[in-house]
Amino acid sequence: MKVTQKKTAAVIGGGPAGVTAAHDLAEAGYEVHLHEASDRLGGMCVWGIPRFRLPEGVIKQDIDRVLNHCPGIKIHLNSALGKDVSIDELKEKHDSILLAIGASVGKNMGLPGEAAPFVEDGVGFLRRINGGERPTLPETVLVIGGGDVAMDACRAALRMPGVKNVKVVYRRDAEGMPARKEELHGAIEEGVEIVYNTQPVAVVDTENGGKALRCIRTEMGEPDEDGRRRPVDVEGSEHDIECGLVIASVGQKAECGELEEKGLMDWDRVKTEWEGMVTSDPMIFAAGDGGFGGSTIVEAMNHGHRAAYYMKAFMEGNENPLSYRTPYRTRRVPVCNDPMWEINLRVEQPFNGMGEDPVAFAEIETTYTREEAMEEAARCFRCDAETGSADYTVEARESIFAMARVTPDQTEEQFRLLDTRLETREDPFGEEHQATLDDLVFLPANLSRLVIDPYREGCKTHTKIGAINGLDLDVPFMVAGLDHAPTEIRNAYGKSIANIGGAYLGTHAINDAKWIQIVDEKADAKADAVAFFADEAIAAGSVARTSAEQPTGLLVNSANLEQAIEFGLEKELDFLVLDASNGLPGLSAELTGAPDISIIKKAVNKLRELGREEEIDLIYFGGLRTGTDGAKMLALGAIGAVIGAPAALAMGADISQGEPVYTADLNDEEREERSANLLQAFTSEATMMARCTGKTNVQNMEPEDLRATTIAVSKAVGVPMAGSLHKH
Numbered sequence: 000m001k002v003t004q005k006k007t008a009a010v011i012g013g014g015p016a017g018v019t020a021a022h023d024l025a026e027a028g029y030e031v032h033l034h035e036a037s038d039r040l041g042g043m044c045v046w047g048i049p050r051f052r053l054p055e056g057v058i059k060q061d062i063d064r065v066l067n068h069c070p071g072i073k074i075h076l077n078s079a080l081g082k083d084v085s086i087d088e089l090k091e092k093h094d095s096i097l098l099a100i101g102a103s104v105g106k107n108m109g110l111p112g113e114a115a116p117f118v119e120d121g122v123g124f125l126r127r128i129n130g131g132e133r134p135t136l137p138e139t140v141l142v143i144g145g146g147d148v149a150m151d152a153c154r155a156a157l158r159m160p161g162v163k164n165v166k167v168v169y170r171r172d173a174e175g176m177p178a179r180k181e182e183l184h185g186a187i188e189e190g191v192e193i194v195y196n197t198q199p200v201a202v203v204d205t206e207n208g209g210k211a212l213r214c215i216r217t218e219m220g221e222p223d224e225d226g227r228r229r230p231v232d233v234e235g236s237e238h239d240i241e242c243g244l245v246i247a248s249v250g251q252k253a254e255c256g257e258l259e260e261k262g263l264m265d266w267d268r269v270k271t272e273w274e275g276m277v278t279s280d281p282m283i284f285a286a287g288d289g290g291f292g293g294s295t296i297v298e299a300m301n302h303g304h305r306a307a308y309y310m311k312a313f314m315e316g317n318e319n320p321l322s323y324r325t326p327y328r329t330r331r332v333p334v335c336n337d338p339m340w341e342i343n344l345r346v347e348q349p350f351n352g353m354g355e356d357p358v359a360f361a362e363i364e365t366t367y368t369r370e371e372a373m374e375e376a377a378r379c380f381r382c383d384a385e386t387g388s389a390d391y392t393v394e395a396r397e398s399i400f401a402m403a404r405v406t407p408d409q410t411e412e413q414f415r416l417l418d419t420r421l422e423t424r425e426d427p428f429g430e431e432h433q434a435t436l437d438d439l440v441f442l443p444a445n446l447s448r449l450v451i452d453p454y455r456e457g458c459k460t461h462t463k464i465g466a467i468n469g470l471d472l473d474v475p476f477m478v479a480g481l482d483h484a485p486t487e488i489r490n491a492y493g494k495s496i497a498n499i500g501g502a503y504l505g506t507h508a509i510n511d512a513k514w515i516q517i518v519d520e521k522a523d524a525k526a527d528a529v530a531f532f533a534d535e536a537i538a539a540g541s542v543a544r545t546s547a548e549q550p551t552g553l554l555v556n557s558a559n560l561e562q563a564i565e566f567g568l569e570k571e572l573d574f575l576v577l578d579a580s581n582g583l584p585g586l587s588a589e590l591t592g593a594p595d596i597s598i599i600k601k602a603v604n605k606l607r608e609l610g611r612e613e614e615i616d617l618i619y620f621g622g623l624r625t626g627t628d629g630a631k632m633l634a635l636g637a638i639g640a641v642i643g644a645p646a647a648l649a650m651g652a653d654i655s656q657g658e659p660v661y662t663a664d665l666n667d668e669e670r671e672e673r674s675a676n677l678l679q680a681f682t683s684e685a686t687m688m689a690r691c692t693g694k695t696n697v698q699n700m701e702p703e704d705l706r707a708t709t710i711a712v713s714k715a716v717g718v719p720m721a722g723s724l725h726k727h
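Okay, so the sequence shown: first residue is 0 according to numbering that gives the first Met the number 0, each after it adds one.
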């Protein structure tokens, strides 16, 4: 790749994020100066992962391929930021800067006595080992922590001369341990002892002159913010674990005095934001562990791709680029299925453990031979070819099996069969078919273990409506349509909504639930938020807020959408309730007609056209029956979704003349149970859809996670057809 651009970029940090960004920038024609503080590129790949997991030279081979492909990348080794090069100097020489400084400093445990000479942080220990040191260590080594760094540290320590016992001390139980299971099992197989439910409280000297880690036993309590159960100390259970060395692996952080002085650090990482990857200085960007905390190699590389995209936009003068998305790769790829793929078993990689000479750091698993790798690849079910199409007819399934029985070298025949599956078919529904949420499906993320493992924590559902004085909810779901329901029904939902942390949308409050008031003219000061009817508010030319702290919005339908958006932005309102059924606060319209789901696309497009997409939140109502339906709307751009008819049906309501009719065949306990189950089911389904697409927060789902199975819904919401070759 030749340098074709006049502008240049600087990248600080030669880890996965930095090298990936440098590669993308160089491919775009920019000269890139890559500064690395150490004597080699690779970051934590070469300094943090032991050689028995990632053999010497493997990363260098990849980096050499990048550098040979992109001669426009100029390497500066032993060039540390703040010591050998400064931000001001780089800003003078270059047009854009990326901070990919990594998180290479171990965090303190915050324990009395941790400054003792026999206490070392896990990152520093692994750095010494990967630097070639093989120190003789005490007989007993304790490793504190339960992550992958702790697993690497304990297994590396076990291989050192003098070591007989290595124990990992972890405060939670086995279920709460974040380390990858294969790494944990490997450590146990090699002889590492895992001490669960044990919380270190101090590093002490024993009475006989030895060293010890003072601990207290724990029991598992209620889940905390990340979804894992919180360890609770057991009173009177203090005890000492004698040792000769303590390795603390309790987290990592970024550290840079130069950036601290410039105000670019936020405690343990570079101060940046995910959207745009930019810092407070518009020409300085950030990526990788140093900007967003510890992650996997693959995730850090994704950061590099994102950062390079936004850096290119900045250098091209594009102040408001479209949000980055992973480039779509065609499914038209060569296939190599073995004719016996249906019965061939997985080829297991033999586990070697520490080997005959532990200090040599022999690779722990025997890798596939070329033949074994091809056999394993040939077992692929081609799920991409199947789930990429909406056609599940017998003929379609037969074509999948036909593809499977073609030998690996018959690529032309495989292409022919795949082309047959991807041919444009006649629309079986006809032009009169209406767009429905049923015709939207989630596209499962095709993730490797490196990417999947970080997503094992609980999926976050916190929702904030409005920016500054917003309405905080624990879940993105609200309930509507109960203004005239019997008191028993309202009371049951009031308790359930309050317990799960949602909100009620209506003209009257119910119990202790947070209340978004629908109002014509005068807002109630007790309401947690207020939604004015758009037509009345626009006609009046203003909205009567009760206070500046009360989040305020509009109740909008398809007819007044554009005018309402412009009015809402002009008056600096916080949110819009998109009523796709055009019937709130009642349920009659939702129960008697199909919702106009295109309202979400129209709202997003209008805001995007105005360049003000982030200035007002969208809440969707109309036709939602499940948490999956709600998740689809979150992916399409809504921040919250409103449950209407299902709330009535869950209470056993009959539908008469388009209205729910409740009966007294349930007692209060049953009503509360049903309402709670409905809200929990909606929330759980939404989180499952988010996790299915590789997200740990329901608010991070996006249109790219969806595919349309009919032309009607593709047009309505702007999502591409699954398996289509042409854009409809």
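Quick reminder that beta carbons are idealized off the backbone N, C-alpha and C, glycines included.
*asked:* Could you give the first and the last residue of the continuous alpha helix (DSSP H) run that contains F414?
replied: As a working note, residue 414 is residue 415 in the sequence shown. Start and end: 410-420.
*Give the straight-line distance between the Cα atoms of I96 and A502, rounded to the nearest whole angstrom.*
To locate residue 96, count along the sequence shown from 1; it is residue 97. To locate residue 502, count along the sequence shown from 1; it is residue 503. If I take the Cα positions, the gap works out to 44 Å.
*Rounded straight-line distance, which links the Cα of A663 to that of Y619*: The residue given as residue 619 occupies position 620 in the sequence shown. The residue given as residue 663 occupies position 664 in the sequence shown. When rounded, the distance between both Cα atoms is 31 Å.
_Same chain only: Cβ atoms within 8 Å of W273, ignoring 5 sequence neighbours per side_ = As a first step, residue 273 is located in the sequence shown; it is residue number 274 there, counting from the start. Cβ within range, chain order: F291.
*Can you give me the Cβ contacts of V65 inside the same chain, cut-off strictly under 8 Å, excluding the 5 residues immediately before and after it?*
As a position in the sequence shown, residue 65 is number 66, starting the count at 1. Cβ within range, chain order: V18, A21, H22, I72.
*Okay, do the stretch 88-107 and the stretch 210-220 touch, 3+ Cβ pairs below 8 Å being the bar?*
With a cut-off of 8 Å, the stretch 210-220 and the stretch 88-107 do not count as touching, because too few Cβ pairs lie within range.
*asked:* I need the boundaries of the alpha helix (DSSP H) containing H93, first residue and last residue.
replied: Translated into the one-based positions of the sequence shown, residue 93 becomes position 94. Careful: H93 lies outside any alpha helix (DSSP H) and carries neither H nor E.
_Alpha-carbon to alpha-carbon, C69 and V191_ = Numbered from 1 along the sequence shown, position 192 holds the residue referred to as residue 191. Numbered from 1 along the sequence shown, position 70 holds the residue referred to as residue 69. Each residue's alpha carbon lies about 44 Å from the other.
*asked:* Just to confirm before moving on: does the CB-CB distance between R93 and A8 stay below 7 Å?
replied: Taking the sequence shown and counting its residues from 1, one reaches residue 93 at position 94. Taking the sequence shown and counting its residues from 1, one reaches residue 8 at position 9. In the sequence on display, residue 93 carries His and not Arg. Contact flag set, yes.
*What does V529 pair with, by DSSP beta-bridge criteria?*
Taking the first residue of the sequence shown as position 1, residue 529 is located at position 530. When beta bridges are read from the DSSP output, V529 appears opposite Q516, T551.
*Counting pairs of Cβ atoms below 8 Å between the stretch 490-510 and the stretch 573-584, do you hit three or more?*
Touching, yes, given that three or more Cβ pairs across the two stretches are closer than 8 Å.
*What's the call for A249, buried or exposed, on a 16-neighbour Cβ count within 10 Å?*
The residue given as residue 249 occupies position 250 in the sequence shown. Per the sequence shown, the amino acid found at residue 249 is Val instead of Ala. By the 10 Å Cβ count, V249 comes out buried.
*Does the distance from the C-beta atom of I496 to that of A484 stay below 7 Å?*
Locating residue 496 in the sequence shown gives position 497, where the first residue counts as 1. Locating residue 484 in the sequence shown gives position 485, where the first residue counts as 1. No, the Cβ-Cβ distance between I496 and A484 is not below 7 Å.
*State the start and end residues of the unbroken alpha helix (DSSP H) segment that holds Q198.*
Sequence index remark: in the sequence shown, residue 198 carries index 199 (1-based). It is not in any alpha helix (DSSP H) - Q198 instead sits in the beta strand (DSSP E) that spans 197-204.
*Give a yes or no on whether the C-beta atoms belonging to G81 and E257 are separated by under 7 Å.*
Within the sequence shown, numbered from 1, the residue matching residue 81 stands at position 82. Within the sequence shown, numbered from 1, the residue matching residue 257 stands at position 258. The answer is yes: Cβ separation under 7 Å.
*Mind checking whether F681 and F476 have CB atoms under 7 Å apart?*
Looking up residue 681 in the sequence shown gives position 682. Looking up residue 476 in the sequence shown gives position 477. With respect to F476, F681 sits close: the two C-beta atoms are nearer than 7 Å.
*Which partner residues of F124 appear in the DSSP bridge assignment?*
In the sequence shown, the residue the question calls residue 124 occupies position 125. Paired residues: none, contrary to the question.
_What does the Cβ neighbour count give for V57, buried or exposed, with the cut at 16 atoms within 10 Å?_
As a position in the sequence shown, residue 57 is number 58, starting the count at 1. The residue in question, V57, is exposed, as its Cβ has fewer than 16 Cβ neighbours within 10 Å.
*Do you know how far the Cα of G275 is from the Cα of N319?*
Position 320 of the sequence shown holds residue 319. Position 276 of the sequence shown holds residue 275. Answer to the nearest angstrom: the Cα atoms are 9 Å apart.
*Using the rule of at least 16 other Cβ atoms within 10 Å of the residue's Cβ for burial, across every protein chain shown, is K631 buried or exposed?*
As a working mapping, residue 631 is identified with position 632 in the sequence shown. The residue in question, K631, is buried, as its Cβ has 16 or more Cβ neighbours within 10 Å.
_I need the straight-line Cα distance from D704 to N696, nearest angstrom please._
Against the sequence shown, residue 704 aligns to sequence position 705. Against the sequence shown, residue 696 aligns to sequence position 697. So the two alpha carbons sit approximately 13 Å from each other.
*From D239 to T217, what distance separates their C-alpha atoms?*
Numbered from 1 along the sequence shown, position 240 holds the residue referred to as residue 239. Numbered from 1 along the sequence shown, position 218 holds the residue referred to as residue 217. Put simply, the backbone Cα of D239 is about 14 Å away from that of T217.
*Could you name the residues of the same chain whose beta carbon sits closer than 6 Å to that of K1, not counting the 5 residues immediately before and after it, in chain order?*
Numbered from 1 along the sequence shown, position 2 holds the residue referred to as residue 1. Result list for K1: empty, nothing under 6 Å.
*Residue ranges of each beta strand (DSSP E) within the stretch 96-173, 3 or longer*: Runs of the beta strand (DSSP E) inside the stretch 96-173: 118-120, 139-143, 164-168.
*Is there contact here, the stretch 519-529 with the stretch 539-552, by at least three beta-carbon pairs under 8 Å?*
yes
*CA-CA distance, S587 and T551?*
The residue given as residue 587 occupies position 588 in the sequence shown. The residue given as residue 551 occupies position 552 in the sequence shown. S587 and T551: Cα-Cα distance of roughly 25 Å.
*Just grab the DSSP bridge partners of N696 for me.*
Translated into the one-based positions of the sequence shown, residue 696 becomes position 697. The partner list for N696 (beta bridge, DSSP) reads K459.
*Roughly how far, in whole angstroms, is the beta-carbon of G293 from the beta-carbon of A99, given that I think they are within contact range, below 8 Å?*
In the sequence shown, the residue the question calls residue 293 occupies position 294. In the sequence shown, the residue the question calls residue 99 occupies position 100. So it is not a contact: roughly 14 Å between Cβ atoms.
*Run the CB neighbour count on A721, radius 10 Å, all protein chains shown included, and call it buried at 16 or more, exposed below.*
Within the sequence shown, residue 721 is the residue found at index 722, counting from 1. Counting Cβ neighbours within 10 Å, A721 comes out buried, since at least 16 surround it.
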